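Inspection log for the structure reproduced underneath, given as structure tokens.
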Amino acid sequence: RGDKLGLVGGNGAGKSTLINMLCRFQDPTSGNILIDGTDIKEFSLKDLRESISLVPQKPFLFDVSVEENIAIGKSKYTKDSIEEAAKASNALEFIDELPMKLQARLGEKATRVSGGQLQRLALARAFYRNSPILILDEATSALDSENEEKIQDAMKVLIQGKTTIMIAHRFSSVRLADRILVMDGGKVVADGTHDDIYDSSSIYRKLYDQQISP
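Be aware that the sequence shown starts at 70, since it is given in this note's numbering, and climbs by one per residue.
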């Protein structure tokens, strides 16, 4: 509870499969997954998924207003609570520039917002849900440095007090983690702090050096 966990590994290592099992988009073929000692299959899907906020790498917008997109899945909400979530995610600054602000409809393809703005809307959803478990499928992987910095600032606030799992495509996010798991071939092959596994895991060291070295 409360751990900030970084999840790294090459393509096909099993990171997305692990996240899919945590959310019960698919179930493990053996073994089990526990939350506070209880097998997640004992929870209803509704209760399990209400306890998790998932920020995907490629968020989807529905063809409804900005505020309805932020509050998606919640039938009752207030404008103040939506604005608070948008402000915390650094999204309010661009929302206020839209012709109808929170009432603006962006369309499913979100042609009126940039990739960075779309990611901030996804973070606003997570702020609004305020679930105890947070899963971040690296929201900064394809962004410019300015947008990445804004999203990193929002993430630092969002993860406070939550059990957080971060799939890290950019190693800048790993700095937010208390522990790092390295996956390879569907298995966890290293577990520890950056300093610990940089020395002990050749896979982690190679991935890190490829990205960080000039």
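By construction, the Cβ of each residue, glycine as well, lies at the ideal position given by its N, Cα and C atoms.
Computed from a predicted model, the values in this text were never measured in an experiment.
Under a three-way DSSP split, which group does V133 fall into?
coil
How would you label F240, buried or exposed, when you count the other beta carbons within 10 angstroms and need 16 or more for buried?
buried
For the beta strand (DSSP E) that contains R248, what are its first and last residues?
R248 to D253
Run through the DSSP bridge pairs and tell me what D260 is partnered with.
L250
Am I right that L205 and I249 are in contact with their C-beta atoms under 8 Å? What's the rounded C-beta distance?
14 Å between Cβ atoms; not a contact.
Consult DSSP for I151 and reduce its assignment to one of helix, strand or coil.
helix
L70 classed as buried or exposed, judged by whether at least 16 other C-beta atoms fall within 10 angstroms:
Looking at the sequence provided, one finds Arg at residue 70 rather than Leu. Flag for R70 reads exposed.
Applying the 10 Å Cβ sphere with the 16-neighbour rule, what's the burial state of R185?
Strictly speaking, residue 185 in this sequence is Gly, with Arg absent from that position. Buried is the call here.
Buried versus exposed call for P97 [16 or more other C-beta atoms within 10 Å across all chains shown]:
exposed
Contacting residues, own chain, Cβ-Cβ under 8 Å from E152 (five flanking each side not counted):
L161 and L171
So is the beta-carbon of Q95 under 7 Å away from any non-hydrogen atom of the ligand ZN?
What this structure holds is no ligand at all, so the ligand ZN is not there to describe.
I'd like the list of long-range same chain contacts for V257, defined as Cβ closer than 8 Å, with 5 residues on each side in sequence excluded.
L250 and V251
Considering only the alpha carbon of each residue, which of Q221, V77 and K73 lies closest to Q280?
V77
Among residues of its own chain, excluding the 5 on either side of G75, which ones have a beta-carbon nearer than 6 Å to its beta-carbon?
M235, A237, V243, A246 and I249
C-beta atoms of I139 and Y197 nearer than 8 Å:
yes
Length at least 3, wholly inside the region 195–245: the beta strand (DSSP E) runs in chain order:
202–206 and 232–236
Using the three-state DSSP reduction, which class does D278 fall into: helix, strand or coil?
helix
Buried or exposed: which applies to K219, given that a residue is buried once 16 or more other Cβ atoms fall within 10 Å of its Cβ?
buried
E136, buried or exposed, once every other Cβ within 10 Å from all chains shown has been counted against 16
buried
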